[in-house]
Amino acid sequence: MSRIGRLPVPVPSGVEVTLDGQHVEVKGPKGTLNHVVAQPITIARAENGELEVSRPDDERVSRSLHGLTRTLVANMVQGVTAGYEKKLEIRGVGYRVVAKGPTQLEFALGYSHPVNVTAPEGITFNVEAPTRFSVIGIDKQQVGEVAANIRKLRKPEPYKGKGVRYVGEHVRMKAGKAGK
9 MSRIGRLPVP VPSGVEVTLD GQHVEVKGPK GTLNHVVAQP ITIARAENGE
59 LEVSRPDDER VSRSLHGLTR TLVANMVQGV TAGYEKKLEI RGVGYRVVAK
109 GPTQLEFALG YSHPVNVTAP EGITFNVEAP TRFSVIGIDK QQVGEVAANI
159 RKLRKPEPYK GKGVRYVGEH VRMKAGKAGK
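If you want my numbering, it's the 1-based position in the sequence shown plus 8.
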């Protein structure tokens, strides 16, 4: 049995979960998230208010979807209660970020032009300093995707470490050319 899949998903007070066949809708103080559960997996409400994810058999596909589905539903519950945040930092001389609103950023990343980034629906940006900012939202997958796309604008290069990186990310540095 899946060790992750068999754990019940706790539903805190203030969160409303609607189960309609394979469709799961989670409403909370921060917003609403929807998910369609893959076919062999079923979700039921336990008597204590928690959600239980179950599978019909021990086939390979069912086993792989069991833990995944439980984790996705747990992430939805956490997203509508606490939300998700990815912190990023910029390193490099002259590299900076400026907020043009809660959903727009303008980067100076060493190119001949500024790079503008507009957040999709449900994502906001918070600029703490000219070299530190964060991506905030309720959908974990969407927050991670937006943060990864921003990091892709100027990846940390291995010789000087310049670029956009996650806070706490370790970039392996290479030795430069050996001089005479």
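The C-beta atom is built at its ideal place from N, Cα and C for all residues, glycine as well.
- DSSP places G145 in the uninterrupted beta strand (DSSP E) bounded by 140-145.
- It is roughly 50 Å from the alpha-carbon of V123 to the alpha-carbon of P64.
- In this structure, P164 lies away from K182, with their beta-carbon atoms at least 8 Å apart.
- Sequence-distant Cβ neighbours of S62 in its own chain, meaning closer than 6 Å and more than five residues away, are T50.
- Counting only runs of 3 or more residues that sit fully inside the stretch 10-76, the beta strand (DSSP E) segments are 24-28, 31-36, 39-44, 50-53, 59-62, in chain order.
- In this structure, the CA atom of E33 is about 19 Å from the CA atom of N56.
- For N134, DSSP records a beta bridge to S142.
- A contact between stretches requires three or more CB pairs, one per stretch, nearer than 8 Å, and the stretch 36-48 meets this requirement with the stretch 80-95.
- Secondary-structure assignment with DSSP links V125 through a beta bridge to L113.
- In the three-state DSSP reduction, E177 falls in the coil class, being neither helix nor strand.
- The Cβ neighbour count for V106, taken over all protein chains shown within 10 Å, is under 16; the residue is labelled exposed.
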